[in-house]
Each structure stands twice: as C-alpha cells, then as structure tokens.
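Under the numbering used here, think of the first position of the sequence shown as 616, with each following residue one higher.
C-beta atoms are modelled at their ideal positions from N, C-alpha and C, and glycine is treated no differently.
One structure below.
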Amino acid sequence: PTLLYEPNVVPGFTNKVLAPVVRLAAVGFEASLAAYGSKGRFTGHPVRQSFFQVKPKSHEPPWTVLVVGGSQGARALNQCLAASLPLFLARGAENLSFIHQTGEADYNAVVAAYGDGWAGSEVCAFIDNIAEAFSLADLIICRSGAATAAELAAAGKASILIPYPSATDQHQLHNARALESAGAACVIEQKYLNPERLVESVLGLLEDPGKLAEMEHRAKHLANSQAASRIGDLIEELCRKD
Numbered sequence: 616p617t618l619l620y621e622p623n624v625v626p627g628f629t630n631k632v633l634a635p636v637v638r639l640a641a642v643g644f645e646a647s648l649a650a651y652g653s654k655g656r657f658t659g660h661p662v663r664q665s666f667f668q669v670k671p672k673s674h675e676p677p678w679t680v681l682v683v684g685g686s687q688g689a690r691a692l693n694q695c696l697a698a699s700l701p702l703f704l705a706r707g708a709e710n711l712s713f714i715h716q717t718g719e720a721d722y723n724a725v726v727a728a729y730g731d732g733w734a735g736s737e738v739c740a741f742i743d744n745i746a747e748a749f750s751l752a753d754l755i756i757c758r759s760g761a762a763t764a765a766e767l768a769a770a771g772k773a774s775i776l777i778p779y780p781s782a783t784d785q786h787q788l789h790n791a792r793a794l795e796s797a798g799a800a801c802v803i804e805q806k807y808l809n810p811e812r813l814v815e816s817v818l819g820l821l822e823d824p825g826k827l828a829e830m831e832h833r834a835k836h837l838a839n840s841q842a843a844s845r846i847g848d849l850i851e852e853l854c855r856k857d
C-alpha cells in the first residue's frame, strides 16, 4: 500500500509521476485534489504544535515585523529590506522594529545596513525558535514554500509573501496566491519588488489593525491542527485493507 503527501498547490514532478501508482494522495491545499481524482484526500498540512499555540497579538505601536527567507536567508529580501530602512525612517516609522533572519551569507551586510538607527531591531543569521519569533510579529515578510505557508496558517499570521521566482513550476507563487485568495496574505512578485513598494505595503497594513486581524483570522481558517492525525489514519486505513 502506498500514499504520497503533496504540500504544494501545484504537485511537483515526482508526485505527478507517482499519481497513477499510489493508492491515496494526502494534500495540504484543497485545490490540489483535482490532480489526484478519487485518490485525493484533503488533510491539510502537518505542522508542529508550537505554531498552533501562537496567540493573537494586539496590533498597536510599537510594531514588530519579522523578515525571514528560509534557513539560508533570501538575498532579494535581504537587499530590498536593507534598502528600505532609510525610507521607513523618512516616513516617521520610529515605532517600528524588525526581527530579521538573514542567513549566513548576508548577515554582515544586513547588520551594517541597520547601523545605529534601529536599536530595537534584531538581526540574526538563523532563528532557532521560529514559532516564538512568529508570536512577536505583527506582520511577516517571507517566501511561500509549502512549509512556510503551512506555518503562517497554523500560527494565524498576516504576511507579505515574496515567492521565490525560480521554484519549479512556480509552486511558491501558486502557494502565495492561494493564501492571497483566502484573504490571508499580500503577494509581491520578486520582479515587482522594490523598496518603495515594500514600505508602502508594510506601513499600509500596520496602520490598519482591523485589516491585520482579518488576515490573521483568514490565515488561521486555512490550518488544520489534526492534519498529521488524518494522514496517520489514512496510512492505517491502507494497511488494514491490504
């Protein structure tokens, strides 16, 4: 008996090849069911419980924005955010601080960009407890891989998603659009990313607490804390039938 798990909206190459062979396919996004026909089962994404335990935050100054581009960082996000810092100050965003995971490669350059003007911000190469960082954030700027999308939903966090443009079959863009369509995120494609647009997007959301709260509610609605159990049940079901 065989079961595959597809976490992205658009199935990857391997799971497309395996689709005719497996008996069941557990999918993280409901939109993925069409790729597997009668074999498809919508389970949601299995996510660590620490993300489901993130409590809603009251959105008022001082604000905190989390910037994270995956464990190795994302150069486009790092460079754009660094270039945005003077614009935030020019807009009078003194009540704003950042938690910025840069990855090792860009750490020194990003630290230099923050300089002394952002004393309340924290720049680090890697964040060990990412769920805790989520809990501190009013807004998250990040990529949109399947795991990240699932963690945003589980934690109920509003986000600005900048999909990795070289992802196979643009799967990050499809994931991001799914969250955007649900009202849980805003999407800026990397080819349109620039400091001015990023500043406008961030401040536009932070200055509208009701909008942030609605995005968080819609993000949380996409998550299923029982996804891992559902997948386990499907595996047991297959074993009993074999």
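_For the alpha helix (DSSP H) containing Gln785, name the first residue and the last one._
If you number the sequence shown from 1, residue 785 lands on position 170. No alpha helix (DSSP H) holds Gln785; DSSP gives it neither H nor E.
*From the DSSP output, in three-state form, read off Val580 for me.*
No statement about residue 580 is possible, as the shown extent of the chain runs from 616 to 857 and does not include it.
*Between the CA atoms of Tyr651 and Leu633 - distance to the nearest angstrom*: Locating residue 633 in the sequence shown gives position 18, counting from the first residue. Locating residue 651 in the sequence shown gives position 36, counting from the first residue. Their backbone Cα atoms lie some 10 Å apart in a straight line.
_Which residues does DSSP list as the beta-bridge partners of His715?_
Locating residue 715 in the sequence shown gives position 100, where the first residue counts as 1. In DSSP, His715 forms a bridge with Val682 and Val738.
*Limits of the unbroken beta strand (DSSP E) element including Tyr620*: Position 5 of the sequence shown, counting from 1, holds the residue named residue 620. Segment Leu618 to Glu621, the beta strand (DSSP E) holding Tyr620.
*Do the CB positions of Ile770 and Val680 come within less than 7 Å of each other?*
As a working note, residue 770 is residue 155 in the sequence shown. As a working note, residue 680 is residue 65 in the sequence shown. For the sequence presented, residue 770 should be read as Ala rather than Ile. Contact: no.
_Selection from Gln841, Val682, Ala768 and Leu639 that minimises the alpha carbon distance to Ser736_ = Here the question's residue 736 lines up with position 121 in the sequence shown. Of the candidates Gln841, Val682, Ala768 and Leu639, the one whose C-alpha sits nearest the C-alpha of Ser736 is Val682.
*asked:* Tell me which residues share the same chain as Asn839 and place their Cβ nearer than 6 Å to its Cβ, disregarding the 5 neighbours each side in the sequence.
replied: The residue you call residue 839 lines up with position 224 of the sequence shown. Excluding residues within five positions, the ones whose Cβ falls inside 6 Å are Gly659.
*Between the stretch 783-796 and the stretch 683-691, are three or more C-beta pairs nearer than 8 Å?*
no
*Would a C-beta distance cut-off of 7 Å place Leu820 and Leu827 closer than the cut-off?*
Residue mapping note: residue 820 aligns to position 205 of the sequence shown, counting from 1. Residue mapping note: residue 827 aligns to position 212 of the sequence shown, counting from 1. Yes, these two residues count as a Cβ contact at 7 Å.
*So who's on the other strand from Val802, going by DSSP bridges?*
Along the sequence shown, read from residue 1 onward, the residue named residue 802 stands at position 187. Answer by DSSP bridge pairing, in chain order: Leu776.
*Counting Cβ pairs, one atom from each stretch, are 3 or more of them under 8 Å apart for the stretch 807-822 and the stretch 691-708?*
yes
*CB-CB under 6 Å to Glu795, same chain, minus the five flanking residues each way: which ones, in chain order?*
For this step, residue 795 is matched to residue 180 along the sequence shown. So the qualifying residues of the chain are Val802.
*Does the stretch 712-720 come close enough to the stretch 845-853 to have 3 or more Cβ pairs within less than 8 Å?*
no
*In terms of alpha-carbon separation, which member of His674, Leu639 and Ser844 lies closest to Pro824?*
What you label residue 824 is simply residue 209 of the sequence shown in a count that begins at 1. Comparing Cα-Cα distances from Pro824 to each of His674, Leu639 and Ser844, the minimum goes to His674.
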